[in-house]
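Below you'll find the structure, written out as structure tokens, and then a few comments.
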Amino acid sequence: MIKVTHLSKHFKIKKRKPGIFGSIQALIKTETDLIKAVDDITFHINSGELVGYIGPNGAGKSTTIKMLTGILTPTSGDIQVNGINPSKERKKNAYQIGVVFGQRTQLWTDLPVEESFDLLKSIYKIDEKIYKQKLELFFDLLGLKDFFKQQARKLSLGQRMKADLAASLIHSPSILFLDEPTIGLDIIVKEKVREFIREINRNAKVTVILTTHDIQDIEYLANRIMIIDKGKIVYDGNLSNFNSLVGNDSFIDIHFASPVGSLEIPLPFQIKEKKSETNYTLIAPENEPLSSLLQILQNKGVPIQEINRQKPDLAVALKKMYEGKNEL
Ligand SMILES: Nc1ncnc2c1ncn2[C@@H]1O[C@H](COP(=O)(O)OP(=O)(O)OP(=O)(O)O)[C@@H](O)[C@H]1O
Ligand SMILES: [Mg+2]
900 MIKVTHLSKH FKIKKRKPGI FGSIQALIKT ETDLIKAVDD ITFHINSGEL
950 VGYIGPNGAG KSTTIKMLTG ILTPTSGDIQ VNGINPSKER KKNAYQIGVV
1000 FGQRTQLWTD LPVEESFDLL KSIYKIDEKI YKQKLELFFD LLGLKDFFKQ
1050 QARKLSLGQR MKADLAASLI HSPSILFLDE PTIGLDIIVK EKVREFIREI
1100 NRNAKVTVIL TTHDIQDIEY LANRIMIIDK GKIVYDGNLS NFNSLVGNDS
1150 FIDIHFASPV GSLEIPLPFQ IKEKKSETNY TLIAPENEPL SSLLQILQNK
1200 GVPIQEINRQ KPDLAVALKK MYEGKNEL
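Count along the sequence shown starting at 1, add 899, and that's the number in my numbering.
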């Protein structure tokens, strides 16, 4: 569905020395710095996937999305979105994709939301009946009706994001690009937006590429993550493999029914902390089954009152990676 091969985008920016002398010098000869915003990336995305495209600030995420949507032309490499080259056939591509930039609205800000939708309806030549059905769905899932008559520039951030999401899907695209769709939203709206994204991916079978700095968005939504850093893709796979790759273990809290004295547990389980004679926290790889631990404890004859496993902390793993403590 989406094929990206050896894609790069370089920006040249003028170097200017400070002061008036620097300005004069800049007029005569221009030295430039080259920024490799996207640096030779290759990936495939299949129909129906929901991919979390993550990475630190300035990593190259938005630049990638802009190339995939045809807003920017690549410096080199190839993009095929359902066989269409986005920058060469931008209009044709627009029919099959939806895009939301969380930082900026795509709506006509002077118009009431409703009129923006009317315009989209005629631009995309959407059949009246299908249009009505879509609107009903968005009214239902996003509560769009409450602010449908409101001028777009007067919407709150959450309302604007919902309107932008609905607008991006009104022409029934098969692919949706979301660049930080939950930025600045309160917890309730965030959850609503997350559920909506999941719904359209699962039920409407829309392929979704999502960039976000919100770990919970990723944990809740993404079945695949691609991590980009300094223009290069440094990880492409699922979350649990990522956790085990960076050695990010799960925590197991055990409350024993009576004091256990000295507890010895074989690897891969390790004691992280002994909180009291009856309370321990262990660590173990995420995919290590608890049954083997239970068997060990049973053999030792130590009765368990409660046992709790917490998923590895993705934020910790990402921080480690972004700080370069783990070479992948
Ligand atoms: N039009 C441009 N001209 C020059 N440099 C640019 C341009 N657009 C982006 N860049 C640079 O390219 C790099 C990647 O930027 P990009 O916006 O893709 O990052 P990002 O991963 O989306 O970051 P964030 O998480 O902060 O949104 C940055 O160093 C940025 O300054
Ligand atoms: Mg960005």
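Every residue, glycine too, gets a C-beta built ideally from N, C-alpha and C.
Unbroken alpha helix (DSSP H) runs of no fewer than 4 residues, entirely contained in the stretch 1055-1084, are found at 1056-1068, following chain order. Counting only residues of its own chain and dropping the five nearest sequence neighbours on each side, A1183 has a CB closer than 8 Å to the CB of D1148, S1149, I1151, P1167, F1168, Q1169 and L1192. Less than 8 Å divides the Cβ of G1057 from the Cβ of L1084. DSSP, reduced to helix, strand and coil, places D1148 outside both helices and strands of the structure shown, so it counts as coil. Among the bridge pairs identified by DSSP, R1003 is matched with F1000. For T962, the CB falls within less than 7 Å of some heavy atom of ligand 1.
For S961, the secondary structure class from DSSP, reduced to helix, strand or coil, is helix. Its Cα nearest to that of L1040, the residue F1095 stands out among F1095, K1089, I1086 and T1177.
R1059 counts as buried, since no fewer than 16 other beta carbons sit within 10 angstroms of its beta carbon.
A distance criterion of 7 Å places the beta-carbon of D1113 beyond contact range of ligand 2, judged by its closest non-hydrogen atom. 8 Å or more divides the Cβ of M966 from the Cβ of I983.
Setting aside the 5 residues that flank it on each side, R1097 is surrounded in the same chain by L949, Y1119 and L1120, each with a C-beta closer than 8 Å to its C-beta; the list follows chain order. Only residues of its own chain outside the window of five on either side were considered, and among them S907 have a CB closer than 6 Å to the CB of S975, listed in chain order.
Annotation: the stretch 918-959 contains the following complete segments of the alpha helix (DSSP H) (minimum length 4 residues), in chain order: 918-927. S1073 is the residue among S1073, E988, Y952 and F1141 whose C-alpha sits nearest the C-alpha of N1102.
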